[in-house]
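The structure under discussion appears below in the form of structure tokens.
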Amino acid sequence: MRINRWLAKTMLSVTLALFCTTGLTKAAEFNAFDDQIGIASYFNDKFHGHRTASGERYDKHDLTAAHATLPFGTVIHVVNLKNNQSVDVRINSRAHRSNRRLLDLSKQAAKELGFLQAGIAKVKITVVSLGEA
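Going letter by letter, the sequence shown gives residues -27 to -1, 1 to 106 in mature numbering (1 follows the signal peptide of the UniProt record, and there is no 0).
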């Protein structure tokens, strides 16, 4: 009986270890320079002047964005997939991981991408230069 219990615990431990290792391998395969496609929105005017997650003040006239994982200072090229308009923006804040949006852009960036009226757009982002981690 003790051997069966020991064997079951050992098998469970090995299975759990393999499962965890596989997850880490997948995460390690992520490359920040891979293109990403998703939905972008833009910050409401009420956030103008408020501090961003990086500590700087949000300016609706700057070309900036919030992303869940890219380091602050990273410059990305954003393309609106509907109209092919594009802009380069700098990451200076964090998008919430629970938010299903890829980016939250400054109002100026949304204007240059041509989606102020719609409020959201399907975009593709490409990292131009990676910021400090």
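Ideal placement from N, C-alpha and C gives every residue a C-beta, glycine not left out.
If you compare alpha carbons, which of Arg67, Arg74 and Ser79 is closest to Asp61?
Ser79
Given Val96, which residues of its chain have a CB within under 8 angstroms of its CB, disregarding the five upstream and five downstream residues?
Ile10, Gly11, Ile12, Ala13, Val51, Val52, Asn53, Leu54, Leu75, Leu76 and Leu86
How big is the Cα-Cα spacing for Gln90 and Gly104?
31 angstroms
Exposure of Val101, with buried meaning 16 or more beta-carbon neighbours within 10 Å
exposed
Using 7 angstroms as the threshold, is the C-beta distance between Tyr31 and Ala83 below it?
no
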